[in-house]
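These notes concern the structure reproduced below.
In UniProt numbering, the protein residues as written are 1 to 177.
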């Protein structure tokens, strides 16, 4: 493993445990068994290091979700979006735990998350229009609020397959899927 990857891994671990603000470059250097100078050489700043971790996390999330969301009918898309938060948090639990911890106070994290979710809002609105919902934009917002709550719940708690299945089933029933 390269020193750059060691730094990314150490920073990810410490950001998840302590949050971004409470994690110093010195603690990252100690965890990665390297120097602070090497962190600045590779990333320039702690914010750039954090942004690199977040960017890679959302690139992985896009690869994970693409097969579930691309080329789907309106009904399939809505059904798959209901399962999306569970799929994502299972695919990269450390990343989503870190996001859960830092997003409320970190504009970099929030910006990447909003950018990742924006196309979903547009597509969900189209889907609910196709499915003849009375207020498609509001339904799309409501489902995204649900999705946001579910990924945060599973990022903060241990996975419980029966609870996962119950949540998915209840939401699919709501939308008659």
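Even glycine gets a Cβ: it sits at the ideal position worked out from N, Cα and C.
Only a predicted model underlies this, so the values are computations on that prediction, with no experimental measurement involved.
query: To the nearest angstrom, report how far apart residue 45 and residue 129 are at their CA atoms.; result: 45 Å
query: Spatial neighbours of residue 101 within its chain, please: C-beta separation below 7 Å, excluding the five flanking residues on both sides.; result: 16, 19
query: From residue 71 to residue 148, what does the alpha carbon distance come to, in whole angstroms?; result: 23 Å
query: In the DSSP assignment, find the alpha helix (DSSP H) that holds residue 80 and state where it starts and stops.; result: 74-91
query: Would you check if the distance between the CB atom of residue 61 and the CB atom of residue 92 is smaller than 8 Å?; result: yes
query: Is it right to say residue 139 is buried, meaning 16 or more other beta carbons lie within 10 angstroms of its own, or is it exposed?; result: buried
query: What residue does the alpha helix (DSSP H) around residue 141 start on, and which one ends it?; result: 136-156
query: Which same chain residues, not among the five before or five after residue 144, have their C-beta less than 8 Å away from its C-beta?; result: 117, 120, 121, 124
query: Is it true that the CB of residue 78 sits closer than 8 Å to the CB of residue 175?; result: yes
query: As a quick exercise: from 96, 40, 14, pick the residue whose alpha carbon is nearest that of residue 158.; result: 96
query: Please state whether the Cβ-Cβ distance between residue 50 and residue 3 is less than 8 Å.; result: no
query: Start and end of the alpha helix (DSSP H) containing residue 37?; result: 36-43
query: Mind checking whether residue 12 and residue 98 have CB atoms under 8 Å apart?; result: yes
query: Taking the alpha carbon of residue 40 as the point to measure from, which residue in 22, 8, 66, 64 has its own alpha carbon closest?; result: 8
query: Compute the beta-carbon to beta-carbon distance between residue 36 and residue 23, rounded to the nearest angstrom, for a pair I have assumed lies under 8 Å.; result: Actually they are not in contact, since the Cβ atoms of residue 36 and residue 23 sit about 13 Å apart, beyond 8 Å.
query: Taking Cβ positions, are residue 112 and residue 55 nearer each other than 8 Å?; result: yes
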